[in-house]
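Numbering (our numbering), first residue to last: 9 to 457. All C-beta atoms in this analysis are idealised placements derived from N, C-alpha and C, irrespective of residue type, glycine included. Everything numeric in this text was worked out from a predicted model, so none of it was measured.
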């Protein structure tokens with residue numbers, strides 16, 4: 009007899025039939041498989057960037073700065089043409105007349121209903137095709153992140169195990185959480201943040217029996233990823249420095265501006281697909297042409313600001329290290345928002361987590377300069393930059409715990425983590441008060457449809 013409890017809405021909130029060592033053993037398998045998928049995804053993105061621009065691993069921004077203008081313009085157009093062909097394959101695969109790549113928001117939506125976990129966009133075929141579109145998108149300069157496609161792939165691998173083993177819905181939901189945690193852990197080298205993100209977005213609770221297998225999957229994926237890809241940090245941030253009490257105080261005073269930046273970015277990103285679809289309808293653009301037009305727009309943006317193409321971790325690290333001028337940081341912030349809006353709206357693949365880190369770093373580093381002028385102190389840009397990254401992620405996903413822990417795992421500074429925890433909770437409460445969302449949309453601030 010199943011111990012599932014189902015709400016009137018259809019959401020399964022019960023416990024899985026299988027427990028104990030069985031789910032823990034499955035967690036090891038899921039974590040290892042997801043880490044292999046993440047490593048393969050990263051390798052293919054590196055090859056795609058080399059094929060498109062001759063860029064070495066993690067050096068796309070530096071390479072784009074050295075390329076002639078015509079290469080910056082043509083590269084994204086070629087990428088858009090490839091994505092157009094892949095979307096056509098999506099139509100053949102049953103994605104409907106207006107296909108789009110899937111991501112983390114689809115996992116969040118599909119974890120709710122009894123029927124949705126069994127059928128849905130979490131099929132392995134759809135996940136592989138979405139990952140392929142994301143590889144082309146990021147490789148050819150799409151301003152999006154790789155975490156969401158691999159999270160969707162991880163969730164699909166978890167669901168596949170549940171289907172093959174004939175597990176109940178609650179067990180499958182736990183497998184989805186394992187896959188998401190493992191994907192975030194392996195892609196960002198952040199095992200704790202992966203667990204918390206899966207708990208806040210998928211499980212919606214932190215019961216010890218539910219968290220155990222998720223922790224195992226996340227740690228196994230992290231260990232496997234460091235073995236396959238090395239232990240070098242994904243974002244090469246500078247070493248943490250001592251932070252004065254006055255710097256903490258000035259950061260709190262700057263927090264409303266950080267929240268405003270984060271909320272503004274989320275609104276623009278959420279409206280971009282709707283506005284683009286409306287414009288395409290008025291212009292009578294066929295679906296196959298939208299990624300190509302998006303590539304042309306990305307190329308135009310790249311002519312002035314090539315740093316905003318791709319994932320953007322290289323210019324992010326440069327910003328928090330103080331290598332950009334104070335006047336240039338807000339310009340890069342606006343250019344990145346525009347590039348991300350084009351990427352989302354014109355059916356390119358990828359996710360919002362990496363762009364949120366980029367925008368938060370630019371906003372925080374800009375405010376570090378402002379704080380230094382207002383309070384007459386040398387405000388460390390690393391501190392303000394990581395704080396901005398955490399606030400943007402918290403507002404984006406409505407996951408303050410995961411955002412604060414991610415700030416700690418990226419920076420390695422307990423001082424920054426403590427300030428980030430407070431800032432993330434204040435930011436989430438402020439956004440909920442100023443722009444409340446229906447309960448079913450919580451955790452899905454960015455709607456990539």
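Residue i (DSSP reduced to helix, strand or coil)
i           : result
residue 102 : coil
residue 234 : helix
residue 372 : helix
residue 359 : strand
residue 53  : helix
residue 314 : helix
residue 213 : coil
residue 334 : coil
residue 258 : helix
residue 195 : helix
residue 145 : helix
residue 319 : coil
residue 294 : coil
residue 92  : helix
residue 135 : helix
residue 354 : coil
residue 84  : helix
residue 79  : helix
residue 48  : helix
residue 460 : The structure shown has nothing for residue 460, since the chain only spans 9 to 457.
residue 264 : helix
residue 63  : coil
residue 172 : helix
residue 246 : coil
residue 226 : helix
residue 190 : helix
residue 381 : helix
residue 326 : helix
N- and C-terminal bounds of the alpha helix (DSSP H) containing residue i
i           : result
residue 422 : 422–442
residue 389 : 389–405
residue 113 : 112–118
residue 200 : 199–206
residue 4   : Look at the range of the chain in this structure, 9 to 457, and you will see that residue 4 is not part of it.
residue 419 : 408–419
Proximity winner among the options, relative to residue i (alpha-carbon distances)
i           : options            : result
residue 44  : 402, 100, 192      : 192
residue 271 : 187, 403, 230      : 403
residue 70  : 418, 389, 323      : 323
residue 433 : 409, 422, 425      : 409
residue 152 : 130, 414, 423, 306 : 306
residue 316 : 47, 33, 73, 388    : 73
residue 263 : 215, 103, 92, 371  : 371
residue 61  : 178, 339, 82       : 82
residue 203 : 213, 189, 209      : 189
residue 267 : 396, 174, 257, 216 : 396
residue 389 : 223, 252, 194      : 252
residue 406 : 235, 437, 367      : 437
residue 134 : 158, 424, 150, 149 : 158
residue 327 : 295, 366, 49       : 366
residue 183 : 199, 63, 138, 37   : 37
residue 228 : 33, 416, 39        : 39
residue 89  : 304, 431, 116, 58  : 304
residue 261 : 223, 201, 187, 379 : 379
residue 236 : 439, 424, 51       : 51
residue 197 : 441, 46, 221       : 46
For residue i, the residue or residues it bridges with in DSSP
i           : result
residue 153 : 359
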